[in-house]
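Each remark here refers to the structure printed beneath this line.
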Amino acid sequence: MKVYISSDIEGTAGITNWNEAEKAHADYKEFRALMTGEVMAAIEGAIEAGATEIVLKDAHDSGRNILTEDLPDCVRIVRGWSGHPLSMVQEIDESFDAVLFTGYHSRAGAESNPLAHTMNLNIGELRLNGVPASEFHLHATAAGYYNVPAVFLSGDEGICADAERLNPGMETVATLEGIGRSTVSIAPKLARRKIREGVKRALSGNRAAYLLKPAAETVMEVFFTNPVSAYKASFYPGAKHLGNRTVQFAHKDFFEIMRAQKFILGA
Ligand SMILES: [Zn+2]
Numbered sequence: 362m363k364v365y366i367s368s369d370i371e372g373t374a375g376i377t378n379w380n381e382a383e384k385a386h387a388d389y390k391e392f393r394a395l396m397t398g399e400v401m402a403a404i405e406g407a408i409e410a411g412a413t414e415i416v417l418k419d420a421h422d423s424g425r426n427i428l429t430e431d432l433p434d435c436v437r438i439v440r441g442w443s444g445h446p447l448s449m450v451q452e453i454d455e456s457f458d459a460v461l462f463t464g465y466h467s468r469a470g471a472e473s474n475p476l477a478h479t480m481n482l483n484i485g486e487l488r489l490n491g492v493p494a495s496e497f498h499l500h501a502t503a504a505g506y507y508n509v510p511a512v513f514l515s516g517d518e519g520i521c522a523d524a525e526r527l528n529p530g531m532e533t534v535a536t537l538e539g540i541g542r543s544t545v546s547i548a549p550k551l552a553r554r555k556i557r558e559g560v561k562r563a564l565s566g567n568r569a570a571y572l573l574k575p576a577a578e579t580v581m582e583v584f585f586t587n588p589v590s591a592y593k594a595s596f597y598p599g600a601k602h603l604g605n606r607t608v609q610f611a612h613k614d615f616f617e618i619m620r621a622q623k624f625i626l627g628a
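Quick note: the sequence shown uses the working numbering, first residue 362, plus one each step.
This is the structure:
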């Protein structure tokens, strides 16, 4: 079994403040280790379920967070950013049996994690066919484009609820609840145990039931927080400036949505 794992940090048990997610800050060391612990738990669960090949994307910020020393032989890790439109699922293709998400966080505009965002902090809200979308929504659909089902997610309660709404019955592990600028979190060791067990269960179950196929057409709407960003983004081929702070791009081919987000969201 060949498994893809995409890992972020802002949904790791205990994380609460941006200082804890930023490489240059003294608080980061502790949370990169906690992130790594959750990733290792997912890898262990996957191997117990029969995974023989794992591609792991380090998908937070620099793409260079996970401590690699103890990765098992069956894991290859994608570090840094190539600029490829698949972003947080770079190198995914039809050869994978499932995709797992760890450390994922609430979408831009949600109150359920003090570190909530979608792709970057300049996006007030991203909508896919009218639904406010998370990084999970975007990348699980991108995986679905290649027929890879999204069977497991760990992260804050808000993203777990969003993921279950989008992909009913999928296995999730809630690590923390955001309350204003605070969080209420489960213990890291409990999070790791739940992730290992959850991943094992998810990969041993009916994986095909959790395939998120892109819609026949996707309309992406981007609401920028900075009022002057939409103007620049509106020059992406096919994009429309809908008005103050808002750009729309629609396409039948979901790969074109991924290509567009790569250029539009960074405007
Ligand atoms: Zn991140």
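Backbone N, C-alpha and C define an ideal beta-carbon position, used for all residues, glycine too.
If you're wondering where the values come from, they're calculated on a predicted model, not measured in any experiment.
Does the beta-carbon distance from I520 to S467 come in below 7 Å? Position 159 of the sequence shown, counting from 1, holds the residue named residue 520. Position 106 of the sequence shown, counting from 1, holds the residue named residue 467. Yes, the Cβ-Cβ distance between I520 and S467 is below 7 Å.
Under the criterion of a Cβ to heavy atom distance below 6 Å, does D614 qualify as lining ligand 1? What you label residue 614 is simply residue 253 of the sequence shown in a count that begins at 1. False, no ligand heavy atom lies under 6 Å from that Cβ.
Every unbroken beta strand (DSSP E) within the segment 439-494, with a cutoff of 3 residues, ordered by chain: 459-465 and 484-489
Cβ-based neighbour list, N490, same chain, cut-off 7 Å, excluding 5 preceding and 5 following: Taking the first residue of the sequence shown as position 1, residue 490 is located at position 129. Correct list, in chain order: A576, T579 and V580.
Cβ-based burial, L564 [other Cβ within 10 Å; buried from 16]: By 1-based counting over the sequence shown, the position of residue 564 is 203. Classification for L564: buried.
Could you spell out the range, first to last residue, of the beta strand (DSSP E) harbouring M362? The count along the sequence shown starts at 1 and reaches residue 362 at position 1. Per DSSP, M362 belongs to no beta strand (DSSP E) and is neither H nor E.
Rounded separation between F585 and R606 - CA only: Here the question's residue 585 lines up with position 224 in the sequence shown. Here the question's residue 606 lines up with position 245 in the sequence shown. The alpha-carbon atoms of F585 and R606 are separated by roughly 5 Å.
For the segment 554-563 against the segment 479-493, do three or more pairs of beta-carbon atoms, one drawn from each stretch, fall closer than 8 Å, so that the two count as touching? no
With DSSP run on the structure shown, which of helix, strand or coil describes K613? Counted from its first residue, the sequence shown places residue 613 at position 252. Three-state result, K613: coil.
Return yes when the Cβ of A374 is within less than 7 Å of the Cβ of S495, no when it is not. Translated into positions along the sequence shown, residue 495 becomes position 134. Translated into positions along the sequence shown, residue 374 becomes position 13. For S495 and A374, no; Cβs fall outside 7 Å.
contact_flag[the segment 399-417, the segment 380-391] where n(CB pairs < 8 Å) is 3 or more: no
How about Y365 and I453: are their beta carbons less than 7 Å apart? On the sequence shown, residue 365 is found 4 positions in, with the first residue counted as 1. On the sequence shown, residue 453 is found 92 positions in, with the first residue counted as 1. Cβ distance < 7 Å, so Y365 and I453 count as in contact.
Thinking just about the alpha-carbon of each residue, which of S515, P549, R542 and L527 is nearest to the one in A535? Your numbering for residue 535 matches position 174 in the sequence shown. Closest option to A535, Cα to Cα, is S515.
Can you find a heavy atom of ligand 1 that lies under 6 Å from the Cβ of D523? Against the sequence shown, residue 523 aligns to sequence position 162. It does not: the Cβ of D523 is nowhere closer than 6 Å to a heavy atom of ligand 1.
Anyone know if the C-beta pair for Q451 and V439 falls short of 7 Å? Within the sequence shown, residue 451 is the residue found at index 90, counting from 1. Within the sequence shown, residue 439 is the residue found at index 78, counting from 1. Taking 7 Å as the Cβ cut-off, Q451 and V439 qualify as a contacting pair.
Contacts around G470, its chain only, beta-carbon distance under 7 Å, and the 5 residues preceding and following it disregarded: Taking the sequence shown and counting its residues from 1, one reaches residue 470 at position 109. Counting only Cβ-Cβ distances below 7 Å, and skipping sequence neighbours, we find G485, E486 and P493.
By Cβ distance, which residues of its chain are closer than 8 Å to E525, with the 5 residues on each side in sequence left out? Here the question's residue 525 lines up with position 164 in the sequence shown. Counting only Cβ-Cβ distances below 8 Å, and skipping sequence neighbours, we find M531 and T533.
Looking only at DSSP bridge pairs, what is G516 linked to? The residue given as residue 516 occupies position 155 in the sequence shown. Note: G516 sits in a beta bridge opposite Y465 and A535.
Within 6 Å: the Cβ of I556 and any heavy atom of ligand 1? Here residue 556 corresponds to residue number 195 of the sequence shown, with the count starting at 1. Incorrect: I556 has no Cβ contact closer than 6 Å to ligand 1.
To the nearest angstrom, report how far apart E538 and F392 are at their CA atoms. Translated into the one-based positions of the sequence shown, residue 538 becomes position 177. Translated into the one-based positions of the sequence shown, residue 392 becomes position 31. Rounded to the nearest angstrom, the two C-alpha atoms are 17 Å apart.
Pick out whichever of E409, F610, E414 and F462 has its Cα sitting closest to the Cα of M396. Position 35 of the sequence shown, counted from the first residue, corresponds to residue 396. Here the closest residue by C-alpha is F462.
Restricting to Cα atoms, I'd like to know which of P549, P588 and T544 is closest to N378. Within the sequence shown, residue 378 is the residue found at index 17, counting from 1. The residue with the shortest Cα to Cα distance from N378 is T544.
Let me confirm a value: D523 is counted as buried when at least 16 other C-beta atoms fall within 10 Å, else exposed. Which label applies? To locate residue 523, count along the sequence shown from 1; it is residue 162. Answer is buried; the Cβ neighbour count reaches 16.
To the nearest angstrom, report how far apart E414 and K561 are at their CA atoms. The residue given as residue 414 occupies position 53 in the sequence shown. The residue given as residue 561 occupies position 200 in the sequence shown. Near 15 Å, if we compare the C-alpha coordinates of K561 and E414.
Tell me the rounded alpha-carbon separation between P589 and R568. Position 228 of the sequence shown, counted from the start, is the residue given in the question as residue 589. Position 207 of the sequence shown, counted from the start, is the residue given in the question as residue 568. According to the sequence as given, residue 589 is Val; it is not Pro. Straight-line Cα distance between these residues: approximately 43 Å.
Is it right to say L482 is buried, meaning 16 or more other beta carbons lie within 10 angstroms of its own, or is it exposed? Within the sequence shown, residue 482 is the residue found at index 121, counting from 1. L482 is exposed by the Cβ-count criterion.
Beta carbon shell of ligand 1 at less than 6 Å from a heavy atom: D369, I370, E371, H421 and D422
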